[in-house]
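What follows is a set of notes on a single structure, which appears directly below.
There are 2 protein chains.
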Amino acid sequence: MLEEALERVRGEPTRLTVAGRTDTGVHARGQVASHAGSPAPARSLNGVLPRDVRVVASDPAPDGFDARRDARTRLYRYRVLARAAASPFEHGRALHWSGPLDRALLERCAALVAGSHDFTAFTPTQTDHVRFERDVVRSEWLKGGPDVLEYWIEADTFMRHMVRILVGTMLGVCAGRMDVDGFAALLTGRPREEAGDTAPPHGLCLEAVRY
Amino acid sequence: MLEEALERVRGEPTRLTVAGRTDTGVHARGQVASHAGSPAPARSLNGVLPRDVRVVASDPAPDGFDARRDARTRLYRYRVLARAAASPFEHGRALHWSGPLDRALLERCAALVAGSHDFTAFTPTQTDHVRFERDVVRSEWLKGGPDVLEYWIEADTFMRHMVRILVGTMLGVCAGRMDVDGFAALLTGRPREEAGDTAPPHGLCLEAVRY
Chain A
124 MLEEALERVR GEPTRLTVAG RTDTGVHARG QVASHAGSPA PARSLNGVLP
174 RDVRVVASDP APDGFDARRD ARTRLYRYRV LARAAASPFE HGRALHWSGP
224 LDRALLERCA ALVAGSHDFT AFTPTQTDHV RFERDVVRSE WLKGGPDVLE
274 YWIEADTFMR HMVRILVGTM LGVCAGRMDV DGFAALLTGR PREEAGDTAP
324 PHGLCLEAVR Y
Chain B
124 MLEEALERVR GEPTRLTVAG RTDTGVHARG QVASHAGSPA PARSLNGVLP
174 RDVRVVASDP APDGFDARRD ARTRLYRYRV LARAAASPFE HGRALHWSGP
224 LDRALLERCA ALVAGSHDFT AFTPTQTDHV RFERDVVRSE WLKGGPDVLE
274 YWIEADTFMR HMVRILVGTM LGVCAGRMDV DGFAALLTGR PREEAGDTAP
324 PHGLCLEAVR Y
């Protein structure tokens with residue numbers, strides 16, 4: 124869609140390289156993409172893009188810059204609305220979770236995720252990935268407002284569904300489906316079926332890419 | 124709509140008294156309402172309400188409690204996204220303002236609003252109000268996130284469009300249509316036509332009602 128807009132504005136087919144993974148339904152607030160040739164003005168791109176996609180800035184990059192290859196880390200946030208009633212304000216933006224939630228348990232799990240681990244348990248069995256180690260430099264739960272908890276995770280790269288399965292499994296720990304030791308064991312390269320559910324995409328947002 | 128839900132759940136016509144004004148298009152995160160008789164469970168009400176309205180809690184109140192009459196103050200927030208590009212995340216939640224914005228000017232105007240003033244300039248000429256003095260206990264601009272400024276205002280009661288005209292007029296000061304002295308003069312009971320535009324409703328939210 125952005126490639127189509129670029130082609131319309133720049134007048135030639137334009138191949139985009141995108142820094143961070145966003146599955147269908149996942150949001151992105153700080154996506155970065157690069158293409159060859161001269162930049163198109165953000166205003167022109169926004170004039171032809173659908174309303175749910177906006178270019179915040181479009182600037183020249185150093186020669187050879189590649190948004191994906193040159194990225195050092197990606198930062199994602201997963202939002203959970205933890206209360207009985209849903210919220211119209213959080214519809215499509217946070218997972219509505221009315222089950223048991225123990226912030227101390229969530230924080231213990233999140234602390235275990237930090238560091239280098241084999242995340243095989245946290246990506247679908249059918250996968251194109253060949254390397255399952257990831258280096259997580261930040262992993263914590265923070266308060267995101269009244270009744271909202273947010274999981275912030277930053278890593279070198281992510282596998283498909285990785286954040287969503289991490290969140291789904293941590294919520295499963297709160298629901299008593301696994302204890303913290305079991306969660307820790309998953310990080311040693313256990314198979315996918317030992318981890319928990321894949322949390323829905325709409326709670327997830329790519330917040331930033333760092334270079 | 125909430126009265127219809129109450130009637131369906133409680134099995135009898137139920138008249139609601141609502142604490143805070145929300146014109147069409149204005150949001151409410153902390154609305155309070157009261158009715159006679161016993162409370163209906165929030166879960167039941169939410170089962171029949173449309174998705175954009177949710178009851179967070181439904182509890183018994185002291186005898187004679189009236190959500191409107193007993194409220195001491197109402198707190199509103201108006202959100203402004205101040206940057207060139209719109210944001211899909213702020214669509215319908217913040218006024219997109221790509222014009223000049225001077226936070227110091229906004230703060231000077233907001234400080235003038237605090238206190239007791241005649242707000243005739245800040246409500247439509249055609250009005251049912253008979254008293255135009257309001258007692259503003261809080262009036263300030265705060266940062267609400269990257270590129271977002273928020274105007275927080277708390278007062279005993281509000282007139283129709285009052286917050287929206289205040290915001291529109293303050294933005295007009297930033298755009299050079301009026302200086303701060305002119306803004307100050309408006310607070311002495313000047314006529315509506317001397318104030319600025321009515322900012323659109325979608326940036327406004329009733330945040331809380333205090334008792």
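Listed in order, the protein sequences are those of chains A and B.
First residue of the first sequence: 124, per this note's numbering; consecutive thereafter.
First residue of the second sequence: 124, per this note's numbering; consecutive thereafter.
For every residue, glycine included, the Cβ atom is placed at its ideal position computed from N, Cα and C.
Just so you know, these numbers come straight off a predicted model, no measurement behind them.
I'd like to know if residue i contacts chain B, where contact means its C-beta is closer than 9 Å to some C-beta of that chain.
{"i": "Pro211/A", "result": "yes"}
{"i": "Asp175/A", "result": "yes"}
{"i": "Arg206/A", "result": "yes"}
Helix or strand or just coil, what does DSSP make of residue i?
{"i": "Gly295/B", "result": "helix"}
{"i": "Val253/B", "result": "coil"}
{"i": "Val271/B", "result": "strand"}
{"i": "Leu198/B", "result": "strand"}
{"i": "Thr140/B", "result": "strand"}
{"i": "Val286/B", "result": "helix"}
{"i": "Gly215/B", "result": "coil"}
{"i": "Ala209/B", "result": "coil"}
{"i": "Arg313/B", "result": "coil"}
{"i": "Glu135/B", "result": "coil"}
{"i": "Arg191/A", "result": "coil"}
{"i": "Gly319/B", "result": "coil"}
{"i": "Gly238/B", "result": "strand"}
{"i": "Leu172/B", "result": "coil"}
{"i": "Gly184/A", "result": "Checking the sequence shown, residue 184/A turns out to be Ala, not Gly. In this structure, Ala184/A counts as coil in the three-state DSSP scheme."}
{"i": "Val179/A", "result": "coil"}
{"i": "Leu329/A", "result": "strand"}
{"i": "Leu224/A", "result": "coil"}
{"i": "Val259/A", "result": "strand"}
{"i": "Val203/A", "result": "strand"}
{"i": "Ala308/A", "result": "helix"}
{"i": "Ser161/A", "result": "coil"}
So, does the CB of residue i fall closer than 9 Å to a CB anywhere in chain A?
{"i": "Val296/B", "result": "no"}
{"i": "His325/B", "result": "no"}
Excluding the 5 residues preceding and the 5 following residue i in the sequence, name in chain order all residues of the same chain whose CB lies nearer than 8 Å to its CB.
{"i": "Asp241/B", "result": "Phe255, Glu256, Leu310, Thr311, Gly312"}
{"i": "Leu168/A", "result": "Leu125, Ala128, Leu129, Val132, Val178, Ser181"}
{"i": "Ala156/A", "result": "Leu125, Leu139, Thr140, Val141, Ala142, Ala190"}
{"i": "His150/A", "result": "Arg216, His325, Leu327, Cys328, Leu329"}
{"i": "Ser239/B", "result": "Glu256, Arg257, Asp258, Val259"}
Classify residue i as buried or exposed, calling it buried when 16 or more other Cβ atoms lie within 10 Å of its own Cβ.
{"i": "Met282/B", "result": "buried"}
{"i": "Ser262/B", "result": "buried"}
{"i": "Arg192/B", "result": "exposed"}
{"i": "Phe245/B", "result": "buried"}
{"i": "Thr243/B", "result": "buried"}
{"i": "Arg138/A", "result": "exposed"}
{"i": "Phe188/A", "result": "exposed"}
{"i": "Glu249/A", "result": "It should be pointed out that residue 249/A corresponds to Gln in this sequence rather than to Glu. Exposed, since its Cβ has fewer than 16 Cβ neighbours within 10 Å."}
{"i": "Arg200/A", "result": "buried"}
{"i": "Arg274/A", "result": "The residue asked about is misnamed: residue 274/A is Tyr in this sequence, not Arg. Buried: at least 16 other Cβ atoms inside 10 Å."}
{"i": "Glu135/B", "result": "exposed"}
{"i": "Glu213/A", "result": "buried"}
{"i": "Val253/B", "result": "exposed"}
{"i": "Pro324/B", "result": "buried"}
{"i": "Thr321/A", "result": "buried"}
{"i": "Ala318/A", "result": "buried"}
{"i": "Arg287/B", "result": "buried"}
{"i": "Leu229/A", "result": "buried"}
{"i": "Gly291/A", "result": "buried"}
{"i": "Ala233/B", "result": "buried"}
{"i": "Arg226/B", "result": "exposed"}
Tell me which same chain residues have a C-beta within less than 7 Å of the C-beta of residue i, skipping the five on either side of it?
{"i": "Val260/A", "result": "Thr196, Glu277, Ala278"}
{"i": "Pro247/B", "result": "Arg283, His284, Arg315"}
{"i": "Tyr334/B", "result": "Asp193, Ala194, Arg195"}
{"i": "Ala184/B", "result": "Ser157"}
Any heavy atom of the ligand GTP closer than 8 Å to the Cβ of residue i?
{"i": "Arg191/A", "result": "The model on display carries no ligand, and the ligand GTP is accordingly not part of it."}
Enumerate in chain order the residues of its own chain whose CB-to-CB distance from residue i is below 6 Å, with the five nearest sequence positions on each side excluded.
{"i": "Arg152/A", "result": "Cys328, Glu330"}
{"i": "Ala237/B", "result": "Val259, Ser262"}
{"i": "Met301/B", "result": "Gly295"}
Using a Cβ-Cβ cutoff of 8 Å, what residues of the stretch 145-179 of chain A are near chain B? List them in chain order. His150, Arg152, Ala165, Arg166, Asn169, Arg174, Asp175, Val176, Arg177, Val178, Val179
What are the residues of the stretch 210-235 of chain B that lie near chain A, defined by any Cβ-Cβ distance shorter than 7 Å? Ser210, Pro211, Phe212, His214
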